[in-house]
Amino acid sequence: MGNSKSDQYPHQLHIFVLPFLAPGHMIPMIDIARIIAVTDHSVKVTIITTTHNALLFKNSIDADINAGHNINLHILQFPSAQVGLPEGIENFNAVTSPDMSSKIYQAIGILQQSMEQLLRESHPDCIVADMFYPWTTDLANELGCPRIVFQGISFFSLLTF
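Structure follows, in structure tokens:
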């Protein structure tokens with residue numbers, strides 16, 4: 000018997016985090032994912048994102064991995080050519096026109112298929128998804144796991160609405 004993680008945690012919980020493709024949503028969700036990975040070693044955290052979005056926080060995730068935390072990125076290929084966007088435009092912060100915004104939404108719709116397939120194959124214990132991915136509710140029910148919703152607006156504004 001050794002002291003490996005598998006000896007300490009026979010069933011390691013696996014949480015998938017799906018941030019929406021906008022920095023105001025990605026940054027706090029990445030922070031949440033990192034906090035989970037750093038504070039609970041019995042949990043594996045996988046963040047699903049795209050190539051250029053991963054560049055925004057890859058250094059932080061790499062530092063966490065090097066420190067021994069169980070967090071990783073699953074990179075999906077952004078369908079730039081399929082929706083008519085220039086290579087590298089993968090989030091709402093990079094758009095310069097309303098037309099580009101609608102193409103980002105189209106791309107998110109295409110990415111949904113890849114995200115669903117990954118989650119079905121991975122059998123997560125929990126899905127933490129942005130409020131703009133409502134389809135994750137049905138998928139989580141299908142997979143028999145909880146879905147936690149990230150809602151990026153302030154709690155006070157919800158109370159006063």
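Counting from 0, one number per residue, gives the positions in the sequence shown under numbering that gives the first Met the number 0. Idealized CB from N, CA, C, for every residue including glycine.
_Out of Lys43, Glu120, Met114 and Asp30, which one is the CA nearest neighbour of proline 133?_
Met114
#### Entry: Residue from Ile29, Ala21 and Lys43 whose Cα sits closest to the Cα of serine 121
Check the Cα spacing between serine 121 and each of Ile29, Ala21 and Lys43: the tightest is with Lys43.
**Prompt:** If we count the other Cβ atoms within 10 Å of its Cβ and call it buried at 16 or more, is leucine 72 buried or exposed?
**Reply:** That one is buried.
Worksheet item: What residue from Met130, Ala139 and Leu138 has the CA that sits closest to valine 148's CA?
Response: Met130
Give the straight-line distance between the Cα atoms of histidine 24 and isoleucine 47, rounded to the nearest whole angstrom.
13 Å
Just the Cα atoms here: how many angstroms apart are leucine 12 and isoleucine 126?
11 Å
Notebook entry, point to check: Over what stretch of residues does the beta strand (DSSP E) that includes valine 213 continue unbroken?
Noted result: A query on residue 213 cannot be resolved here, the shown segment of the chain reaching from 0 to 160 and no further.
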